[in-house]
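Have a look at the structure below, then the notes.
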Amino acid sequence: MRRAAVLALAAIVALPFAAAPLTLARFAASPAGTATFATASLAAPTSLAGTGGTTASLTWTPSTSTSATGYQVLRSATSGSGFLQVATVTPVSAAATSDSPGNGTWYYLLRTYLQGWTSPTSNEASVIVGAGTSTGYKGCASTQAETTSSGDNNGYETSPGNACALDGAVATDLNSGTGTSTSCASTAKDRHRFWGYAFGLPGSVASIDGITVRLAASVDSLLAAPKVCVQLSWNSGTTWTTAQTVSLTATGITTYTLGGATNLWGHTPWSTAQLGASTFRIRITDVSSNTARDFGLDYLGVQVSYTP
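Counting from 1, position 293 in the sequence shown corresponds to residue 1054 in my numbering; the numbering is continuous, with no gaps.
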C-alpha cells in the first residue's frame, strides 16, 4: 500500500510542466510598391496676406499639420496662373516671411510640405513692390445730388461746390434723410456725387497702388451716431465699390481719412483711364438715426498712390 502511493507520487513529479502556447508571426515578401500620401492629409496654411513696399511681406496662419517640415512659397506675375516655387520657410510654426521680386504687382500662394508631399495651396495674396509716389490731394470740379431713392433727393443742397476746395466754405446737407436706418445702403439717406479730379498721372504707370480720400466734415450734433459713407466708381457711376465708413467724432470741421496708399477699395486693377476726370467719381452718403442731423463738407480730396 505504501509502495503504491510512493510510485504514484513519483509518476506525478516526473510529468513535464505544460508550456504556454506560442504565437508565431509569419512574414511574407511582396513586390516593392510606390508610397503615396494624399495631399488632403497635409493641411494648408490659411489667411495668407501680403504687404508691399520695397519688398513683399507675407503673413499667414500656420498649418494644423504640426509634424510637417514647413512651407513652399510660390510666386507669379499673373493672378491665378504661372506660379513657381521661389522659397521655402521652416519650421511649420512660422507665420511670416519676405521676398524681393523687384518692382511690380506680384501674387503669392503657400503650401505645406513634408519631404516630397505637399498640401493644397493657400488662398492667393497680391503685393505691390516698388518705390511708389503719389499725386498729392486733388479737389473735385463737378458735383451732383442723387435725386432718386436717396432720402430727400437733394444731397448737399446748399453750395455743394464748396466741397471742392479746402477754404472754410462749407457745403451743407440739412435735415439729412427721411428715415432712421444707419445702413449706408438705405434709400432713406441723402447721397451726392463728386468728380472732375485732375490727378495728373504720367502717361506710363506700372501700377495704381492705392487711393486715399480726405474728408473735412462737420455735423451739428454727435447724437444719433452720425457717419459718412464713401464709395468710388471707375465707370462714371455705373458701378460703385463697397462703402468705407467713418464715424464723425466732432461737431466742428474735422479731417478724416479713408483708404490709403495700398488700399484699392476692392477694385483691381485700376487703370489711368478709370481715374480720368469724367470716369472717376465719389459718392458720399450721410447717415444718422435722426433725420434732423445737419452735415457739412468743407473738402473732399483724393490722392492716388502709384508706381511709375
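Cβ coordinates follow ideal geometry from the N, Cα and C atoms, glycine included. Since the structure is predicted, the reported quantities are computational estimates derived from the model, not experimental observations.
Distance, residue j Cα to residue i Cα
| i | j | result |
| --- | --- | --- |
| V888 | A810 | 9 Å |
| L1058 | T1002 | 21 Å |
| V890 | T1023 | 10 Å |
| K899 | T825 | 48 Å |
| W1031 | T816 | 21 Å |
| T999 | T822 | 38 Å |
| E907 | L1019 | 22 Å |
| W867 | A930 | 44 Å |
| G1062 | L1036 | 14 Å |
| S1039 | Y1017 | 25 Å |
| A977 | Y958 | 17 Å |
| L984 | A1011 | 11 Å |
| G813 | L845 | 19 Å |
| S920 | T948 | 23 Å |
| C945 | T909 | 15 Å |
| L803 | D860 | 24 Å |
| T820 | T858 | 7 Å |
| S994 | F955 | 10 Å |
| V847 | E885 | 15 Å |
| F798 | T830 | Low per-residue confidence applies at F798: pLDDT is 46, beneath 50, and the placement is therefore not dependable enough to give any value. |
| Q1005 | W878 | 42 Å |
| V991 | G1027 | 13 Å |
| S979 | P1069 | 36 Å |
| Q833 | A856 | 12 Å |
| R1054 | G897 | 32 Å |
| H953 | L962 | 26 Å |
| S895 | F960 | 9 Å |
| G863 | L835 | 15 Å |
| I1043 | L1025 | 14 Å |
Three-state secondary structure assigned by DSSP to residue i
| i | result |
| --- | --- |
| S997 | coil |
| L1083 | Shown here, the chain extends from 762 to 1069; a query on residue 1083 therefore has no answer. |
| L983 | coil |
| C901 | coil |
| S925 | Looking at the sequence shown, residue 925 is not Ser but Cys. C925 falls in the helix class under three-state DSSP. |
| L976 | strand |
| L1058 | strand |
| L962 | coil |
| Q1035 | helix |
| S880 | coil |
| S1049 | coil |
| S802 | helix |
| C990 | strand |
| S920 | coil |
| A786 | Note on A786: pLDDT 37, under 50, position unreliable in the model; the coordinate value appears next. Here A786 sits in coil by DSSP. |
| V931 | coil |
| V853 | coil |
| H1028 | coil |
| F955 | strand |
| G912 | coil |
| I969 | strand |
Own chain residues within Cβ distance below 6 Å of residue i, not counting five before or after
| i | result |
| --- | --- |
| D934 | Y917, D951, D1047 and F1056 |
| T941 | S1050 |
| C925 | G900 and C901 |
| S982 | none |
| A932 | Y917, S920, P921, N923, A924 and L1058 |
| S818 | T812 and S859 |
| V974 | V991, L1019, G1020 and V1063 |
| Y1060 | L927 and A977 |
Residue i classed as buried or exposed, judged by whether at least 16 other C-beta atoms fall within 10 angstroms
| i | result |
| --- | --- |
| Q876 | exposed |
| P987 | buried |
| S761 | Because the chain is modelled from 762 through 1069, residue 761 falls outside the range shown and cannot be assessed. |
| P852 | exposed |
| N996 | exposed |
| G1013 | exposed |
| S1066 | buried |
| S911 | buried |
| G893 | buried |
| T849 | exposed |
| T807 | exposed |
Contact set for residue i: own chain, Cβ-Cβ below 8 Å, skip 5 residues either direction
| i | result |
| --- | --- |
| A805 | S824, L871, R872, T873, S880, P881, T882 and S883 |
| D913 | N936, S937, G938, T939 and D951 |
| T827 | V853 and S854 |
| A838 | G865, T866, W867 and Y868 |
| T1015 | A977, A978, S979 and L1009 |
| G843 | S837 |
| S965 | P1069 |
Residues near residue i by beta carbon distance below 7 Å, same chain, minus five either side
| i | result |
| --- | --- |
| V1007 | L976, K988, V989, Y1017 and L1019 |
| A796 | Below a pLDDT of 50, predicted positions are generally treated as unreliable, and A796, at 41, falls in that range; the measurement from the model is reported next regardless. Correct list: empty, nothing qualifies. |
| T943 | A986, V1048 and S1050 |
Check: Do the region 1031-1043 and the region 961-970 meet, that is, are 3 or more Cβ pairs less than 8 Å apart?
Finding: The answer is yes - the region 961-970 touches the region 1031-1043, with three or more Cβ pairs under 8 Å.
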